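As you go down the protein sequences, you meet chains P and Z in turn.
Heads up: the first sequence begins at 1 in this note's numbering, then just goes up one per residue.
Heads up: the second sequence begins at 400 in this note's numbering, then just goes up one per residue.
Glycine included, each C-beta is placed from N, C-alpha and C at the ideal position.
On a predicted model such as this, the values are computed, not experimentally measured, just so you know.
Protein chains: 2
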Amino acid sequence: MPEQHASATGNRGGDDHGTGNSSDTGNGRGDGDGNGTANSGGAPGRDTANRGRTRPTGHDVAGAAGVSQATVSLVLGGKWQGRVSARTAESVRAAARELGYRPNLAARTLRLGRTRTALLVVPALTNDFFATVHRGAVEVAGAHDFGVVLYPSPEGITAAPDPFASARTALDGVIASSMAPEALAALRGEGLPLVMLDSDEGACDATVNVDLADGMRQVVAHLRELGHRRIAHVAADVDSWTFEVRARALRDRLRACGATLLRTERSPLSVAGGLAAATRILATAGKAGAADVPEDRPTALVCDDDLLAVGALKAARRLGLRVPQDVSVTGIDDVALATAVEPELTTVRLPAERVGAAGMQALLSVLEGRPVEAVRLPVRLVARGSTGPCPSPGLHGSP
Amino acid sequence: MPEQHASATGNRGGDDHGTGNSSDTGNGRGDGDGNGTANSGGAPGRDTANRGRTRPTGHDVAGAAGVSQATVSLVLGGKWQGRVSARTAESVRAAARELGYRPNLAARTLRLGRTRTALLVVPALTNDFFATVHRGAVEVAGAHDFGVVLYPSPEGITAAPDPFASARTALDGVIASSMAPEALAALRGEGLPLVMLDSDEGACDATVNVDLADGMRQVVAHLRELGHRRIAHVAADVDSWTFEVRARALRDRLRACGATLLRTERSPLSVAGGLAAATRILATAGKAGAADVPEDRPTALVCDDDLLAVGALKAARRLGLRVPQDVSVTGIDDVALATAVEPELTTVRLPAERVGAAGMQALLSVLEGRPVEAVRLPVRLVARGSTGPCPSPGLHGSP
DNA sequence: CTCCCTCAGTTTTACGTATAACGGCCTTGT
DNA sequence: ACAAGGCCGTTATACGTAAAACTGAGGGAG
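Right, dumping it as structure tokens:
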């Protein structure tokens with residue numbers, strides 16, 4: 001079934017898989033063409049060259065079109081302006097389409113020394129924030145004929161990845177959402193351009209950041225408006241720049257408006273981690289009557305991301321505390337999970353797709369030698385059901 | 400880190416093990432060179448022009464060790480038994496380590512025609528089931544010196560991916576969790592080995608399935624034990640083999656035990672989709688008093704996956720129905736989300752990691768020409784809080 | 001008429017690796 | 001003593017592509 005459908009994917013390489021090999025793919029492996037011209041006007045040759053199942057090469061296309069391989073490369077590479085006649089170019093394209101030619105990526109890479117491929121290093125795939133970042137990066141990459149291969153650092157956010165073994169090809173650059181110092185050093189040693197997401201500047205060629213200091217400011221303002229003054233921090237147990245920024249911004253903002261940071265509990269970035277940390281915070285007091293509002297129990301938990309916040313939600317419920325009546329909870333990221341739980345999470349929405357897009361954009365700029373300015377993307381608090389007015393000590397216990 | 404591993408394709412002799420390979424993990428990255436290599440004189444190797452910043456090649460190593468490039472390839476490829484003396488081999492390895500040599504993957508691929516790389520096609524990364532599948536595949540692949548590159552089909556489960564443009568290198572095979580027919584045809588046309596996960600047999604070289612018919616049997620048995628007789632199906636709006644299996648198994652099992660499949664609502668595979676579908680099912684009756692148990696409202700919702708089930712949870716809550724007192728909900732997959740919500744989901748746990756591992760294993764078998772038998776992995780119902788006894792019409796409404 | 005320039009291609013080369021084909025030694029067997 | 005092999009390497013080649021260098025033919029300009 002010669003179902004030939006031209007996929008107009010916009011890029012120049014036609015992706016057709018026509019298998020109608022009725023054409024005379026002239027020359028095969030035998031390079032005997034050294035003598036005179038391959039007579040084009042001769043008898044219709046038998047299909048000789050298609051050896052079983054190997055993919056056609058540029059030479060096959062050249063033979064079919066009656067030109068040399070160099071011409072095929074010129075035409076298909078798009079650089080034939082003024083070097084090849086329009087008719088010849090068209091016949092080359094026709095032959096390529098007919099044979100279902102696709103250039104050998106390995107050979108092209110070997111020749112060019114570049115791959116038009118970026119590696120995206122993310123800490124985990126279980127947080128769909130990074131899936132969205134990837135989507136944004138792929139979108140921009142695709143528009144520039146670039147590819148993105150994803151490397152989920154398997155051991156978690158602090159492990160050293162082996163990017164080169166993962167991407168089974170040479171790389172033009174790396175976009176890293178988080179990297180262990182030693183892996184970063186290895187990368188730098190390799191001389192690869194590196195764009196860091198949500199990381200400190202320095203030791204990389206460009207950064208794309210999300211304005212989490214402002215995000216924390218919005219969180220604190222929101223909670224202060226609701227009357228909260230005693231706040232705890234469910235922090236990520238990760239030594240990473242972003243999380244330091246969050247902690248510092250939270251501390252500074254709370255101090256600036258006269259609220260108290262009661263305590264900070266660190267835990268791994270997962271629902272289970274948030275559950276454990278929030279339990280440690282909430283269970284230390286008010287055991288007798290959970291509905292009481294003891295002085296040493298915070299009325300709001302600010303969590304470093306949505307996974308932790310969902311864990312905090314569970315912890316509160318297990319301890320018999322209602323959210324948001326007894327305790328408010330906030331997250332960061334606004335992943336799908338945030339609206340899947342009940343109550344829905346008040347959280348800081350990060351423009352994940354734009355992060356990925358800006359990261360890829362920055363990498364492209366670096367590769368082209370253009371100067372790149374540090375990107376800082378704005379964030380926005382999304383108030384939902386997990387935050388509410390601060391419970392007043394007297395009003396609650398007596399119905 | 401240049402973990403050079405002897406690739407033993409175990410062609411026939413197959414005595415691959417015992418390669419006391421050089422575990423040069425974390426070799427001195429500090430030796431970045433700073434011109435380090437004092438090219439040993441006296442060797443036939445001539446100019447070893449270290450051109451500034453380019454990566455060292457096999458020729459550079461050869462020059463440094465005073466041998467030919469062929470010997471370098473022999474030694475580093477592990478095939479030097481009886482062809483190179485132990486002392487020479489060691490000096491080659493030392494030179495490679497010193498220079499930080501890493502073989503050029505593109506050149507190797509071009510030469511060998513194989514890449515030891517598999518493509519894993521998954522429908523979406525927002526469902527962390529597939530992240531776990533990926534982990535399983537990577538684990539097995541790594542043990543065989545294979546790589547796995549991930550291709551998230553961006554347009555959802557039915558879109559046609561372009562795997563070849565995605566994986567920026569040639570591929571040895573494909574493991575596909577779901578593919579549109581035209582993409583599958585393209586793959587077959589390319590002659591690539593293909594392992595399908597949770598798909599129909601036929602048109603591929605091997606399949607790895609999860610016993611979802613049995614899973615549905617367990618779900619129905621569980622609900623029947625709790626007394627449920629009127630059941631609705633929140634189905635995936637996807638024309639895919641697995642989902643057909645689920646639907647048929649549910650229908651057959653319900654009929655076999657005398658229960659009724661009240662209706663089926665199809666929706667996209669997401670929390671929002673589940674919310675919409677379950678709302679359509681639950682809102683059609685009992686508007687006046689939600690706590691009533693009208694005859695046309697199901698007492699249990701069986702959902703095609705956990706995302707849908709979480710959406711159903713939300714729908715019930717929004718309609719004022721309690722889970723599980725008023726309505727029970729079940730999912731499939733047992734992803735992290737299942738225990739993040741409240742109540743926790745009763746669901747069918749699928750061995751995601753084993754699926755990925757078995758898929759990679761099957762692909763390796765196909766590549767080596769060994770026969771592969773279809774794999775079918777067992778599943779297990781995990782009863783949690785989202786299912787409870789069927790509400791009896793009289794007992795509930797009057798406090 | 002010659003010189004130079006453009007057109008329309010072709011030859012040739014290089015990318016880095018793996019391996020087939022080959023060749024000097026040194027040990028054996030007969 | 002001399003061919004027959006092990007050792008221990010080397011030289012040469014092919015993989016498919018991109019692009020630089022080269023080749024003619026035709027056509028004004030001087």
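Excluding sequence positions up to five before and after tryptophan 241 of chain P, its CB lies within less than 8 Å of the CB of Asp198, Ser199, Asp200, all in the same chain and listed in chain order.
Between aspartate 610 of chain Z and arginine 775 of chain Z, the gap from beta carbon to beta carbon is short of 8 Å. Nearest in C-alpha terms to valine 637 of chain Z, of all of Z:Met759, Z:Ala739, Z:Pro580, Z:Ala605, is Z:Pro580.
Taking all protein chains in view, the Cβ of glutamate 98 of chain P is crowded by 16 or more other Cβ atoms within 10 Å, so the residue is classified as buried. Within the model, the alpha-carbon separation for leucine 187 of chain P versus leucine 194 of chain P is close to 8 Å. DSSP places valine 722 of chain Z outside both helix and strand once states are collapsed to three, so it counts as coil. Within 7 Å of the CB of alanine 106 of chain P, the CB atoms of chain Z belong to Ala505, Thr508, Leu509, Thr568, Ala569, in sequence order along the chain. Secondary-structure assignment with DSSP links leucine 381 of chain P through a beta bridge to P:Val348.
The region 297-312 of chain P and the region 274-286 of chain P touch, with no fewer than 3 CB-CB distances between them shorter than 8 Å. Assignment of beta-bridge partners to leucine 250 of chain P by DSSP yields no partner. Against leucine 549 of chain Z, the close residues of chain P are Leu150, in the order they occur along the chain (beta-carbon pairs closer than 7 Å).
At least 8 Å separates the beta-carbon of threonine 525 of chain Z from that of alanine 383 of chain P. Residues of the region 327-350 of chain P with a C-beta less than 8 Å from any C-beta of chain Z: Ala336, Leu337, Thr339, Ala340, Val341, Glu342, listed in chain order. By the CB criterion at 8 Å, leucine 254 of chain P and valine 219 of chain P fall outside the cutoff. Among the residues facing chain Z, threonine 126 of chain P is included, as its CB has a counterpart in that chain under 8 Å away. For aspartate 732 of chain Z, the enclosing beta strand (DSSP E) stretches over residues 727-732. The DSSP-derived three-state label of leucine 498 of chain Z is helix. With fewer than 16 other beta carbons inside 10 angstroms of its own, glycine 191 of chain P counts as exposed. Taking 8 Å as the threshold, the shortest C-beta distance from alanine 249 of chain P to chain Z does not fall below it.
The beta-carbon of alanine 131 of chain P is placed less than 8 Å from the nearest beta-carbon of chain Z. The Cβ-Cβ distance between proline 697 of chain Z and isoleucine 680 of chain Z falls below 8 Å. Taking the Cβ atoms as the reference, threonine 508 of chain Z lies roughly 22 Å from valine 491 of chain Z, outside the contact range of under 8 Å.
The C-beta of threonine 260 of chain P has fewer than 16 other C-beta atoms within 10 Å across all chains shown, which makes the residue exposed.
Its Cα nearest to that of methionine 615 of chain Z, the residue Z:Leu700 stands out among Z:Asp604, Z:Thr683, Z:Asp695, Z:Leu700. As the crow flies, the alpha-carbon of leucine 345 of chain P is around 60 Å from that of glutamate 489 of chain Z.
Here DSSP, grouped into helix, strand and coil, assigns methionine 615 of chain Z to helix. Only residues of its own chain outside the window of five on either side were considered, and among them Gly535, Ala536, Glu538, Val539 have a CB closer than 8 Å to the CB of alanine 756 of chain Z, listed in chain order. Here methionine 179 of chain P carries a coil assignment [DSSP, helix/strand/coil].
Contact between alanine 646 of chain Z and alanine 634 of chain Z holds: CB atoms are separated by about 6 Å, below the 8 Å threshold.
Contacts with chain Z at 8 Å (Cβ-Cβ) include arginine 317 of chain P. The secondary-structure analysis by DSSP pairs histidine 233 of chain P across a beta bridge with P:Thr264, P:Val302. For valine 138 of chain P, the enclosing alpha helix (DSSP H) starts and ends at 128-143. Here the alpha carbons of arginine 510 of chain Z and leucine 119 of chain P stand approximately 24 Å from one another. In this structure, aspartate 732 of chain Z and aspartate 705 of chain Z form a Cβ contact; the two beta carbons are roughly 5 Å apart against a cut-off of 8 Å. Interface annotation, histidine 543 of chain Z: not in contact with chain P, CB-CB separation never under 8 Å. Residue-level contact by beta carbon fails for histidine 458 of chain Z and chain P, as no gap is shorter than 8 Å.
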